[in-house]
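4 protein chains.
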Amino acid sequence: MPLTPEQQAEIERQRAEPQPTLRVVSAGMEQHLYSAHPVLDHGFVRVIDYMGDDAAITQAARVSYGKGTRSVQNDEGLIRYLMRHWHSTPFEMCEIKLHVKLPVFVARQWIRHRTANVNEYSARYSILDREFYIPTPDHVAAQSAVNNQGRGEALEGEEAARVLDILKTDSMRCYDNYEAMISQDGQQGLARELARMNLPANVYTQWYWKVDLHNLFHFLRLRADAHAQYEIRAYADALCSLVADWVPFAYRAFEDYRLGAATLSAQMVDCLRRMLDGEAVTQENSGMAAREWREFESVLGR
Amino acid sequence: MPLTPEQQAEIERQRAEPQPTLRVVSAGMEQHLYSAHPVLDHGFVRVIDYMGDDAAITQAARVSYGKGTRSVQNDEGLIRYLMRHWHSTPFEMCEIKLHVKLPVFVARQWIRHRTANVNEYSARYSILDREFYIPTPDHVAAQSAVNNQGRGEALEGEEAARVLDILKTDSMRCYDNYEAMISQDGQQGLARELARMNLPANVYTQWYWKVDLHNLFHFLRLRADAHAQYEIRAYADALCSLVADWVPFAYRAFEDYRLGAATLSAQMVDCLRRMLDGEAVTQENSGMAAREWREFESVLGR
Amino acid sequence: MPLTPEQQAEIERQRAEPQPTLRVVSAGMEQHLYSAHPVLDHGFVRVIDYMGDDAAITQAARVSYGKGTRSVQNDEGLIRYLMRHWHSTPFEMCEIKLHVKLPVFVARQWIRHRTANVNEYSARYSILDREFYIPTPDHVAAQSAVNNQGRGEALEGEEAARVLDILKTDSMRCYDNYEAMISQDGQQGLARELARMNLPANVYTQWYWKVDLHNLFHFLRLRADAHAQYEIRAYADALCSLVADWVPFAYRAFEDYRLGAATLSAQMVDCLRRMLDGEAVTQENSGMAAREWREFESVLGR
Amino acid sequence: MPLTPEQQAEIERQRAEPQPTLRVVSAGMEQHLYSAHPVLDHGFVRVIDYMGDDAAITQAARVSYGKGTRSVQNDEGLIRYLMRHWHSTPFEMCEIKLHVKLPVFVARQWIRHRTANVNEYSARYSILDREFYIPTPDHVAAQSAVNNQGRGEALEGEEAARVLDILKTDSMRCYDNYEAMISQDGQQGLARELARMNLPANVYTQWYWKVDLHNLFHFLRLRADAHAQYEIRAYADALCSLVADWVPFAYRAFEDYRLGAATLSAQMVDCLRRMLDGEAVTQENSGMAAREWREFESVLGR
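Chains as they are written, first to last, in the working numbering: chain A, 5 to 306; chain B, 5 to 306; chain C, 5 to 306; chain D, 5 to 306.
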């Protein structure tokens, strides 16, 4: 359970006090505010604040004096047009602030997205909790044989058990020693900024992360993708659900023109036209290398 | 008057409909939402949306589960500490979205602040209004004799009148010709994206501009400064008032540690210590060039 | 002719003095250094400096101790893989610095690319030259009937002549008055920062612009595109030639996977698969709106 | 020793092949290219490439056609002026690319500087080396009693020995288990992307890091500061030496106006003026809190 009763009470206090505002309100997002959506074994994402809704996107695109809405249908059409034609600035007009609890190795991937604001829990200042990510057995996977930077099938039997045992034992021992080193009981106590270096990368950290919708979509496109590591994908998937409730038109456009879309290279476009003209195109006469040809076939569903 | 009755009515409609939200609300900012604060002769700034308040800064700094407030006094102390010690990320957790109407030459300075989101009214797509910035007589100033990139005293009499006449006449003639070129009355009509190039830099444009509080403070520090050109300073001053109502603790810290602060070089610190020890320090024995010495004296108020 | 004899002499001086360096050198780029490549009637792009070459991309991707090159073939393959799979960071490891002279209305589009470094000629500090962009007759085009933010066919006969006459006359008159206002001959002289506002948007400015290769590709993808305004496209095209000589492998990958590529939406992928299965897919049974369907057909070359 | 003989040979190969270039060359930097400057027990910084020198800063500030140099003295004066008055864009015209080997907990602080380009060694793709940061005994320090996020005096005797023993033992055991889990000897072998989570934060990673001079100065100002954690300060100090050789004028200005400078708040300026007028100002009549007053006294050297 990622939250203590005190933390849960804090969240309920915040959810109990609606106040009037003149700002635009996204009804779909209000229902999620502050609540912790669990991810992995000890992690979560919580929406702390948001700015804007679907209409805010078209309002900015039109540099409008009013709400920017002409009609709901019209708004959705414009949003889809903007997404399809890679207009990024109107989507930057929505903003979201999250509180995320996540393993350090996930945080290290996540932070590579630079166009965002971050405040991380300071392990120089504070003591980290005894919480480590231990994968469920179906996610204890072998090194992939085809993809050098991915994982293959789940390990089986004894090998999986051995891995889980190592991860748990090393985590606990490292944490025991972390506590022992900083303890001021009968000794001076090591500085926290030094002691933390004994903790492995599956320890949980947490941060406030704030990002605009355009950059969030970019994050989701890369991290909700099948090539992303499962553990960060779990966060991306949780965020996708939240965004779908926040800005439903924009999210649908994102699904159609990014998540579910395919980019064809100049060579692929050429081959496609030849195929539609009835030619039997093969990798040999395609001008593509084997790997690229496989990617092309997978777009075509063959 | 910068707004048409229709625009004014749009704004009043938006101000008339408070809705409940669970997000944090800044009472000081709610009173300003949507209203146009006039700047220069045809310009304005309008707050379209905001995220966060003073407590949101400390909440993020503490990576807190709740509101982040321990006590109001404690919050102000922490905000002042963060500002004094150049902690930037907690201030990035507040965000503001503005609708600004401004002359193009001001827009060209403004846009140099890159860490912000912008949607500008498109003169490729739409027709610009017949609105040009004409300075009031007290701002028709001579080139400064001491500062190559500034202005001196107001021009007087005939010269000032001549300048104002030129600015008005050229603006109107250029706009007349802009209209004549795009007109489709008895001719094809020039493309808007080309016709706009006949408009001088005092024509008004408008945009939506969204920025976090840290970067807004950076903007204000440079643009509310005496060295900034008067016309952009007029916008910065209007924004200062709005920010003071939005996040009063943070704004006061900004005044004390940025706007009203002074940076002393290593040489200045050294001279200062010598002076406090009773030494008679002059430019000659200070190790500073004349210009830097004058800047030092002005910090000391001599 | 955009350059004075003095400026030309400065450039030749710089090109005359090769010096030894241990850094990687791009032979293709050395030949372009400092020379002005003319664009439009008075503009140019000049390469002032660059960092890296094709091998620098793979060197960074491999976090290598040496040159990062295994074999030339291997390098090109890796660069194509990185481009195809949207890896952006290795391309950020190359950097280019340009000196560009360009009309203000082009500069206003250009500056919207925020991830770059800029130093612009200061019209607060200095006096602008009497140089204005006047389109050649074949670029004096009508407003497009189908695209609200584009241009159609060239204007003909008298209308074109009228437009060119207006653009020239207004430019010259505005500049005459600019000079008259700042003159200190028998009067105080208006501050430059004010006088410049009388100059129309076809006046030339200049800047130093520095950008990494990933962001330059993003710029080129949007600005060398048929939807970009002709005048900025002229600069993008000139830059494409330079980049092709600088990093030939990366540029070819950019052509294949960005410039000449097409993105298919989820609906388009679905329709395509149905077509390849022999189904007669029409707009009516495609699930696409008319405009999107036309875009789909144009990818298919129908 | 951070480098293998093969790596050392690669570096020497690169240093052995000067080539002619027309670009500006910084003699002070050429001597450092590729060489590994050791930091901490297994880390290093290596300069891989650079762009620009002191003259490139003034060249950009002047948007010059030639070298931008009028006279050496003139250049240094302009650079100092630009630094003192917070002009940032001319300093952005220099760029540096580094190869850095550093412990993960240092990398996590470092990466918070977002305006930079990074390619990190991928532990999803590759196997990390058995190298861990173990502090020297004089850096095994106690938690600070006065500063919640800092360290105090070195631990003594048995406690220090216990800490060092824990750090070494846990590092080695975690690495043994990392190797055991990924081994494909008689088992499938755990995916690298999972196995790495067993490694503590003192394990070394490496990356290519590229940054412009303005942002590098910002990094150095914060990380070469006494409040920064010792381990990242060691890297910042090494970089300071390199930058001093690369752009000596800019570095000296940075020392005088940033590193050695002090910022006085509005209240401090006021107190200072009162003191210089002979008033006996104390914390009580200063309007400052105790902590701020202490900071003021330390600027004054009292």
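All C-beta atoms, glycine included, are put in the ideal place defined by N, C-alpha and C. Because the structure is a prediction, the values reported are computed rather than measured.
Step through the CB atoms of chain C and report whether any lies within less than 8 angstroms of the CB of M55 (chain D).
yes
Which partner residues of R50 (chain A) appear in the DSSP bridge assignment?
A:A40 and A:H103
What are the boundary residues of the beta strand (DSSP E) that includes K172 (chain B)?
Taken as a continuous stretch (DSSP letters only), K172 (chain B) belongs to no beta strand (DSSP E), being part of the alpha helix (DSSP H) at G161 to I186.
Please report how far the alpha carbon of H218 (chain A) lies from the alpha carbon of E96 (chain A), in whole angstroms.
5 angstroms
According to the Cβ coordinates, are A257 (chain A) and R84 (chain A) closer than 8 angstroms?
yes
My guess is that L26 (chain D) and R19 (chain C) are in contact by the Cβ rule of under 8 angstroms, so how many angstroms apart are they, rounded?
6 angstroms
Using a C-beta cutoff of 8 angstroms, does M97 (chain C) count as contacting chain A?
no
Beta-carbon of V104 (chain A) versus every beta-carbon of chain D: anything under 8 angstroms?
No - not a single Cβ of chain D is within 8 angstroms of the one on V104 (chain A).
Helix, strand or coil for Q63 (chain C) per DSSP?
helix
Bridge partners for N289 (chain B) per DSSP, in chain order?
N289 (chain B) pairs with nothing; no bridge assigned.
By alpha-carbon positions, which one of C:K172, C:S175 and C:H143 ends up nearest to E160 (chain C)?
Just measuring C-alpha positions, the residue of C:K172, C:S175 and C:H143 sitting nearest E160 (chain C) is C:H143.
Taking 8 angstroms as the threshold (C-beta atoms), are N202 (chain A) and P94 (chain D) in contact?
no
State the DSSP-derived secondary structure class of V273 (chain B), mapped to helix, strand or coil.
helix
Should P22 (chain C) be labelled buried (16 or more other beta-carbon atoms within 10 Å of its own) or exposed?
exposed
With DSSP run on the structure shown, which of helix, strand or coil describes V108 (chain B)?
helix
Taking only the alpha-carbon atoms, compute the straight-line gap between R177 (chain D) and I170 (chain D) and give it to the nearest angstrom.
Whole-angstrom Cα-Cα distance: 10 angstroms.
Which value, in whole angstroms, describes the spacing of the CA atoms of N123 (chain B) and K214 (chain B)?
The straight-line gap from Cα to Cα measures roughly 9 angstroms.
Would you grab the beta carbon distance between Q233 (chain A) and Y129 (chain D) for me? Rounded to a whole angstrom, and I think it's under 8 angstroms.
Contact doesn't hold; Cβ gap of about 12 angstroms is too wide.
Mark P9 (chain B) as exposed unless 16 or more other C-beta atoms lie within 10 angstroms of its C-beta, in which case mark it buried.
exposed
Strictly under 8 angstroms for the Cβ-Cβ distance: is V215 (chain A) near chain B by that measure?
no
Anything in the stretch 11–29 of chain D with a Cβ closer than 8 angstroms to a Cβ of chain C? List those residues in chain order, please.
For the stretch 11–29 of chain D, which is checked against every Cβ of chain C, the residues closer than 8 angstroms are Q11, E14, I15, R17, Q18, R19, E21, P22, Q23, P24, T25, L26, R27, V28 and V29.
Given a limit of 8 angstroms on CB to CB distance, which residues of the stretch 250–261 of chain A reach chain C?
E259, D260 and Y261
Are any of the Cβ atoms in chain D nearer than 8 angstroms to that of A266 (chain B)?
yes
Quick one: which chain G residues come within Cβ less than 8 angstroms of E124 (chain D)?
Looking at the structure shown, chain G is missing, and the protein chains on hand are A, B, C and D.
Compute the Euclidean distance between the alpha carbons of W211 (chain D) and L44 (chain B), then round it to the nearest angstrom.
50 angstroms
Take H117 (chain C) and list the residues in its own chain whose beta-carbon comes closer than 6 angstroms to its own, dropping the five residues that flank it on each side.
The answer, listed in chain order, is F223.
Assuming H36 (chain B) and D249 (chain B) form a contact by the criterion Cβ under 8 angstroms, report the distance between their Cβ atoms to the nearest whole angstrom.
About 7 angstroms separates the beta carbon of H36 (chain B) from that of D249 (chain B), a gap short enough to meet the 8 angstroms contact definition.
Grab the span of the alpha helix (DSSP H) containing Q233 (chain A) for me, first residue to last.
Neither: Q233 (chain A) is in no alpha helix (DSSP H) and is coded neither H nor E.
Figure out for me which residue from A:T173, A:K172, A:L198 and A:G190 has the closest Cα to the Cα of Y182 (chain A).
A:L198
Which value, in whole angstroms, describes the spacing of the CA atoms of A164 (chain D) and R112 (chain D)?
25 angstroms
Are the beta-carbon atoms belonging to R155 (chain D) and A195 (chain A) less than 8 angstroms from one another?
yes
Buried or exposed for T209 (chain A), going by 16 or more other Cβ atoms inside 10 Å?
buried
Taking 8 angstroms as the threshold (C-beta atoms), are L220 (chain D) and V247 (chain D) in contact?
yes
Quick one, which of B:M292, B:K101, B:T119 and B:Y261 has its alpha-carbon nearest V67 (chain A)'s?
B:K101
Would you mind telling me which residues of chain B sit closer than 8 angstroms to I131 (chain C), beta carbon to beta carbon, in chain order?
Here the premise fails: no neighbours, minimum Cβ distance about 10 angstroms.
Residues of chain D with a CB under 9 angstroms from the CB of G81 (chain C): which are they?
Neighbours of G81 (chain C) on chain D: none; closest Cβ ~16 angstroms, over 9 angstroms.
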